[in-house]
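Chains as they are written, first to last, in our numbering: chain A, 11 to 93; chain F, 61 to 504.
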């Protein structure tokens, strides 16, 4: 392979890539939690916020889980071979 | 996995390695559309929504129509791809990537329509800071965020082995491909992890996609406006979304089949199967439309009837009857028999459906606002060059994003085709045997 980038740089950028994915999904979760907080503070129909969040937040957590599972399974442990 | 490289694979990598004059012509044309859209938006941004045809009582026009239309088209990808993947439809292999890319691109364009419609895009921050979950608009924001995240993940995961092929073969963008390939070397463990993750996402993505278009319909049906307040709007919108999504996918396949010479991969059989799906969806769409209008007509509520007749014989009749022609009559004529000239017939039906479904969204949004239940003055909506420009720019942006994607990544999944050649033939044979009665294994 010619002009191959250094392994260290590639691995660092892969962690940055994972971090960006987590930041996106984490940001959405923080936003939803913020809306629950606003509904709580303003006594503004908290049940709607909680009801929707109970469905939405776990879905985003599953996304994070899947991404992390692939990253761990492919990029971290997967390189080691046929184990 | 053993190297099962097909000499035809070079065709799939050719658009990434070489750029012909056709690409530059296409980019130039699409840039003109985008420029028109940019100028239109700039005029609207500086002078306000008064430069558009939006006024009282019609506050939603082309932008909301485009929003519903693009979100509908997004069902092309992830939903259709996920259903075909889970049902182990082997003919899916060359088409899933194209479908998934459509989804990711149009969600961005669709969501962007709301920003354009706001007139003051900075007011989007109000949703972020002070959003209230009583509003279906916020349900939309949440479900579209989920769908976008799911679609991006679902697009990226099956691309990893192909990115690794590019990393190893291409002399360009080594760093990009090395990072995105995640060190993929095709080990058994990596395949196991990836296949499991893709299966999880395929299962997750279906209810999310259904929820997205149901929630889009709730924006209308949760109001008491005539022709909007309907219990079947959720499934009606989902059916329409899948319908337009399949048509959008077929058109994309035909364009890239011709442009990138993919006839070896995208065969008439693929168009025949998609044409059959399209025919089923056309019948289903007609059934929902018929049920929706018959219920309104039979109730004969005065406000409902005003909107009803405005569509059937009033100022909106050309749009309504063109919609019926495009979404039902033309597809039925073209697709009822697909024995000959498959690709041409499916293409005509798909073009008609894309036009017809855009008109359907327009017919849902505008007439109700023109004849509102509350005692506002009535008024018909006429878009100005600003809305036409925004619409042209949006379509141009979608096409340009798509085209650029094909310059970075293969538009047909290479590894899934290889996998199909190596293992699926045997798997399908075993599966068919297991369906047949009297197999020894079944006795247990």
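Just so you know, even glycine gets a beta-carbon here, dropped at the ideal spot from N, CA and C.
For residue i versus residue j, is the C-beta spacing smaller than 7 Å?
i                      : j                      : result
residue 191 of chain F : residue 163 of chain F : no
residue 471 of chain F : residue 316 of chain F : yes
residue 109 of chain F : residue 167 of chain F : no
residue 419 of chain F : residue 373 of chain F : no
residue 129 of chain F : residue 421 of chain F : yes
residue 253 of chain F : residue 24 of chain A  : no
residue 286 of chain F : residue 367 of chain F : yes
residue 175 of chain F : residue 453 of chain F : no
residue 384 of chain F : residue 328 of chain F : no
residue 270 of chain F : residue 299 of chain F : no
residue 35 of chain A  : residue 81 of chain A  : no
residue 46 of chain A  : residue 57 of chain A  : no
Output yes if chain A places a C-beta closer than 7 Å to the C-beta of residue i; else output no.
i                      : result
residue 260 of chain F : yes
residue 235 of chain F : yes
residue 187 of chain F : no
residue 242 of chain F : yes
residue 238 of chain F : yes
residue 263 of chain F : no
Nearest by alpha-carbon distance to residue i: which of the options is it?
i                      : options                       : result
residue 118 of chain F : F:477, F:443, F:199 and F:182 : F:443
residue 127 of chain F : F:113, F:328, F:150 and F:447 : F:447
residue 343 of chain F : F:359, F:382, F:280 and F:393 : F:393
residue 79 of chain F  : F:498, F:320, F:333 and F:474 : F:320
residue 386 of chain F : F:398, F:449, F:408 and F:365 : F:408
residue 84 of chain F  : F:450, F:346, F:463 and F:202 : F:463
residue 259 of chain F : F:145, F:86 and F:482         : F:145
residue 542 of chain F : F:465, F:450 and F:489        : Because chain F in this structure spans residues 61 to 504, residue 542 of chain F falls outside the shown range and cannot be described.
residue 428 of chain F : F:88, F:120, F:73 and F:71    : F:120
residue 324 of chain F : F:133, F:154 and F:143        : F:154
Under 6 Å Cβ to Cβ from residue i, same chain only, skipping five residues before and after it: list those, please.
i                      : result
residue 307 of chain F : 410, 413 and 414
residue 77 of chain A  : 31
residue 335 of chain F : 395, 398 and 406
residue 198 of chain F : 191
residue 440 of chain F : 375 and 430
residue 278 of chain F : 196
Is the shortest distance between the beta-carbon of residue i and the beta-carbons of chain F less than 7 Å?
i                     : result
residue 80 of chain A : yes
residue 28 of chain A : no
residue 20 of chain A : yes
residue 15 of chain A : yes
residue 23 of chain A : yes
Helix, strand or coil for residue i? Go by DSSP, reduced to three states.
i                      : result
residue 47 of chain A  : helix
residue 117 of chain F : coil
residue 85 of chain A  : helix
residue 25 of chain A  : helix
residue 376 of chain F : coil
residue 392 of chain F : helix
residue 264 of chain F : helix
residue 327 of chain F : coil
What does a CB cutoff of less than 7 Å around residue i pick up in its chain, not counting 5 residues either side in sequence?
i                      : result
residue 52 of chain A  : none
residue 11 of chain A  : Summary for residue 11 of chain A: the model assigns pLDDT 47, below 50, so the residue's position carries little reliability; its value from the coordinates is reported in the next sentence. Here the set comprises nothing.
residue 101 of chain F : 176 and 450
residue 458 of chain F : 165, 166 and 169
Report all residues from its chain with a CB closer than 8 Å to the CB of residue i; omit the five preceding and five following residues, and keep chain order.
i                      : result
residue 257 of chain F : 217
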